[in-house]
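Take 5 as the starting number for the sequence shown in our numbering and just add one per residue.
Just so it is clear, CB atoms sit at the ideal spot from N, CA and C, and this is done for glycine as well.
Source: prediction; values computed, not measured.
See structure below.
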Amino acid sequence: MQLRRHRPADLPVVFTEEHRCVRPLRRAAPPAARWPEGPVCDPCYTAALQHRGPCARCGSQRRLVAPPGPHADTCADCAGLPVTHTCTDCGIEDKLYEQNRCARCSLRRRTTALLTGADGQVPARLASLLEAICAARNPRSALNWLARSHGAALLADLAAGTLPATHQALDAHPRRRAADFLRHMLTAADVLAPRDEELTRTEQWLDDILHTVTPETAQRQLRGYATWQVMRRLRASAQRAARPRSYTGHARRNIRAAAEFLAWLHAHDRALTECTQADADAWLATGPAAGQVRDFLTWAARHGHSPTLTVAGPTHNTGTATSPDQRWTLTARLLHDETLDPTDRSAGCLLLLYGQQLSRIATITTNQVATRDGTVHVQLGEHDIPVPDPLGKVLTELARNGRAYTGTGSPTQTDWLFPGGLPGKPITASRLGERLRALGISAQAGRRAALIDLAAQLPAAMLADLLGLAPTTAVKWMRQAGGDWSGYAAELARARNHQP
5 MQLRRHRPAD LPVVFTEEHR CVRPLRRAAP PAARWPEGPV CDPCYTAALQ
55 HRGPCARCGS QRRLVAPPGP HADTCADCAG LPVTHTCTDC GIEDKLYEQN
105 RCARCSLRRR TTALLTGADG QVPARLASLL EAICAARNPR SALNWLARSH
155 GAALLADLAA GTLPATHQAL DAHPRRRAAD FLRHMLTAAD VLAPRDEELT
205 RTEQWLDDIL HTVTPETAQR QLRGYATWQV MRRLRASAQR AARPRSYTGH
255 ARRNIRAAAE FLAWLHAHDR ALTECTQADA DAWLATGPAA GQVRDFLTWA
305 ARHGHSPTLT VAGPTHNTGT ATSPDQRWTL TARLLHDETL DPTDRSAGCL
355 LLLYGQQLSR IATITTNQVA TRDGTVHVQL GEHDIPVPDP LGKVLTELAR
405 NGRAYTGTGS PTQTDWLFPG GLPGKPITAS RLGERLRALG ISAQAGRRAA
455 LIDLAAQLPA AMLADLLGLA PTTAVKWMRQ AGGDWSGYAA ELARARNHQP
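See below:
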């Protein structure tokens, strides 16, 4: 058998000047088309086909083709040129996707075909889902999702009725990730009632953990702690609108620590009721994560399941802060570099200037950004904070226009300032952190620098109100900053007492 010879991967492909694009990018690459002015690369070809606006002659909103180049201001009819690349369904002049149809019309045809039931109609209950998918900001991305995603294959099952549009049916589906994405699409389109996925997943996870705990006495003790202590607190937290998406993480760590401690006791032939301080100390010596058993042991002693045992509270690593020079250099770039994505500029400034956590930045809504008397304000705590330009301008544009891509099936209108890839959900804190790290911004160090700076200038009560911090947290930052506002309240009281 004759073997094919492959070009080495590191051997560059050389294109001659005859391949060089005549448009502004001037790329040396295989041309996507050869126009009268010369070869045109694919990005310039696509940009030219999507270059629309009011025609300088007739005023109609059309694709602008003349004069050739990025400054075209005249439609084909007025320029006396043939009209090309016209969608046979909607008539728009655009880069065609398939069978002389634009990407958006192709998306509607394919989605309709998937959602059509046995009677040849799209079920009425799925009409809003159809419109949500077809309204994707990037129809080509949505078409790729339809062609490649396992979740898209579930659409036909929904239409046929073999997959009920219920949380229970999606929970039981073997393709968990695909089913979860479809769940978010259905809830965003009001086909399925929303539920707290973090809380539900934690309840399901708890059932799995409990089945691994032996003996039965230890299982009952863990169930009591998880049900009446941890889950009760979680359900109270779930009622609050402002909470990070991963607010259940701490609860899971506490439950897991309790389960591991009970397993350790059982392996050492000890029951929880017989646990001594020496046993607890031996467990704590197994690693830093062992200290998370403190909440469980406090609960156990209070309910008579164990003696009172001493477990030191967690120690917080102060960490390092971004240097003042680096902080202001990064901030200046975010404020003035218009080539950066508005999401990165806004999130980075909220972190470096106002010390906001990524989890809180991710869940900011458009309602928290407002303009009054010509000044942009953002609400981070109890009171609005005036935001100077250019940050105010970036926040306003982001609140008005949204991000460029918010995922297939996402609603066209959203209250999230930073929409995520999941339909109807905000961006995750981890994704925001990745984006900022790419710009050289450390979230923890940058936030620390901002709060130390602010705490040195403001009293703790004002810091807490403006930034949405807990009072004890604000006091902690004030102490780290070396500030002493102990006389502030007294001076304020004296001033009020002397008012006429």
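Exposed unless 16 or more other CB atoms sit within 10 angstroms - verdict on residue i
{"i": "His-340", "result": "exposed"}
{"i": "Val-87", "result": "exposed"}
{"i": "Asn-258", "result": "buried"}
{"i": "Gln-503", "result": "With a pLDDT of 46 at Gln-503, under the threshold of 50, the modelled position of this residue cannot be trusted; read the value that follows with caution. Exposed, because fewer than 16 other Cβ atoms sit within 10 Å of the Cβ of Gln-503."}
{"i": "Pro-58", "result": "exposed"}
{"i": "Ala-230", "result": "buried"}
{"i": "Asp-393", "result": "exposed"}
{"i": "His-309", "result": "buried"}
{"i": "Lys-429", "result": "buried"}
{"i": "Ala-285", "result": "In the sequence as presented, Ala is not what sits at residue 285; that position holds Asp. Exposed, because fewer than 16 other Cβ atoms sit within 10 Å of the Cβ of Asp-285."}
{"i": "Gly-323", "result": "exposed"}
{"i": "Arg-11", "result": "Interpretation of Arg-11 is limited by its pLDDT of 36, a score under 50 that renders its predicted location unreliable; the figure taken from the coordinates is listed afterwards. Its Cβ having fewer than 16 others within 10 Å, Arg-11 is exposed."}
{"i": "Val-18", "result": "Annotation note: pLDDT 42 at Val-18 (below 50); position unreliable, no value reported."}
{"i": "Ser-414", "result": "buried"}
{"i": "Arg-451", "result": "buried"}
{"i": "Asp-377", "result": "exposed"}
{"i": "His-198", "result": "For the sequence presented, residue 198 should be read as Pro rather than His. Result: exposed."}
{"i": "Leu-85", "result": "exposed"}
{"i": "Trp-481", "result": "buried"}
{"i": "Gly-359", "result": "buried"}
{"i": "Cys-279", "result": "buried"}
{"i": "Gly-546", "result": "Missing from the structure shown is residue 546; the chain here goes from 5 to 504 and no further."}
{"i": "Gln-461", "result": "exposed"}
{"i": "Gly-155", "result": "buried"}
Three-way DSSP call (helix, strand, coil) for residue i in this model
{"i": "His-55", "result": "coil"}
{"i": "Ile-445", "result": "coil"}
{"i": "Tyr-101", "result": "strand"}
{"i": "Arg-141", "result": "coil"}
{"i": "Ala-80", "result": "helix"}
{"i": "Leu-7", "result": "Because the pLDDT at Leu-7 is just 40, under 50, the model does not fix this residue reliably, and the value given afterwards should be weighed accordingly. Three-state DSSP puts Leu-7 in coil, outside helix and strand."}
{"i": "Ala-493", "result": "With a pLDDT of 42 at Ala-493, under the threshold of 50, the modelled position of this residue cannot be trusted, and the question is left open."}
{"i": "Asp-388", "result": "strand"}
{"i": "Ile-213", "result": "helix"}
{"i": "Leu-421", "result": "coil"}
{"i": "Ala-230", "result": "helix"}
{"i": "Leu-68", "result": "strand"}
{"i": "Asp-469", "result": "helix"}
{"i": "Val-479", "result": "helix"}
{"i": "Gln-383", "result": "strand"}
{"i": "Cys-48", "result": "helix"}
{"i": "Ala-374", "result": "strand"}
{"i": "Thr-221", "result": "helix"}
{"i": "Thr-367", "result": "coil"}
{"i": "Gly-396", "result": "helix"}
{"i": "Arg-439", "result": "helix"}
{"i": "Ala-13", "result": "For Ala-13, the pLDDT reaches just 39, beneath the cut-off of 50, and the residue's location in the model is therefore unreliable, leaving the point undetermined."}
Residue from the options with nearest C-alpha to residue i
{"i": "Ser-64", "options": "Leu-53, Thr-50, Cys-82, Thr-170", "result": "Cys-82"}
{"i": "Arg-260", "options": "Arg-224, Ala-304, Ile-213", "result": "Ile-213"}
{"i": "Arg-224", "options": "Ser-414, Ala-240, Ala-275", "result": "Ala-275"}
{"i": "Val-398", "options": "Gly-413, Gln-383, Arg-376, Leu-421", "result": "Leu-421"}
{"i": "Arg-439", "options": "Asp-345, Ala-474, Tyr-251", "result": "Asp-345"}
{"i": "His-387", "options": "Ala-465, Leu-355, Ala-80, Ala-351", "result": "Ala-465"}
{"i": "Gln-281", "options": "Leu-266, Ala-255, Thr-312", "result": "Thr-312"}
{"i": "Gly-165", "options": "Ala-374, Ala-151, Asp-283, Leu-130", "result": "Leu-130"}
{"i": "Gly-295", "options": "Thr-314, Ala-305, Leu-119", "result": "Thr-314"}
{"i": "Thr-221", "options": "Ala-289, Leu-266, Thr-412, Ile-389", "result": "Leu-266"}
{"i": "Thr-375", "options": "Leu-362, Arg-364, Arg-24, Ile-389", "result": "Ile-389"}
{"i": "Arg-483", "options": "Leu-471, Gly-472, Leu-467", "result": "Leu-467"}
{"i": "Phe-300", "options": "Gly-317, Ser-350, Gly-291", "result": "Gly-317"}
{"i": "Ala-325", "options": "Leu-147, Leu-355, Ala-242, Trp-149", "result": "Leu-355"}
{"i": "Ala-263", "options": "Val-297, Gln-233, Arg-236", "result": "Val-297"}
{"i": "Ala-128", "options": "Leu-158, Thr-412, His-188, Leu-162", "result": "Leu-162"}
{"i": "Ser-327", "options": "Thr-90, Leu-158, Leu-455, Trp-39", "result": "Leu-455"}
{"i": "Gly-425", "options": "Trp-149, Ala-36, Pro-43, Ala-51", "result": "Trp-149"}
Cβ-heavy atom distance, residue i to the ligand GDP, below 6 angstroms
{"i": "His-154", "result": "Although the ligand GDP was asked about, the structure shown includes no ligands whatsoever."}
query: Which full runs of the alpha helix (DSSP H) of 4+ residues lie inside the region 307-356, going along the chain?
result: 328-340
query: What are the complete alpha helix (DSSP H) segments, minimum 4 residues, inside the region 236-314?
result: 253-271, 281-288, 298-306
message: With a threshold of 8 angstroms, are at least 3 pairs of Cβ atoms found where one atom belongs to the region 212-222 and the other to the region 264-283?
response: yes
field: Stretch pair the region 105-113 + the region 129-145: three plus CB contacts closer than 8 angstroms
entry: yes
message: Is it the case that the region 433-451 contacts the region 183-190, given that we only count it when at least three CB pairs across the two stretches are under 8 angstroms?
response: no
- prompt: Quick check: the region 188-208 against the region 115-135, are there 3 or more CB pairs under 8 angstroms?
  reply: yes
query: Whole beta strand (DSSP E) runs in the region 153-208 with 3 or more residues, listed along the chain?
result: none
- prompt: Are three or more beta carbon pairs between the region 379-395 and the region 116-130 nearer than 8 angstroms?
  reply: no
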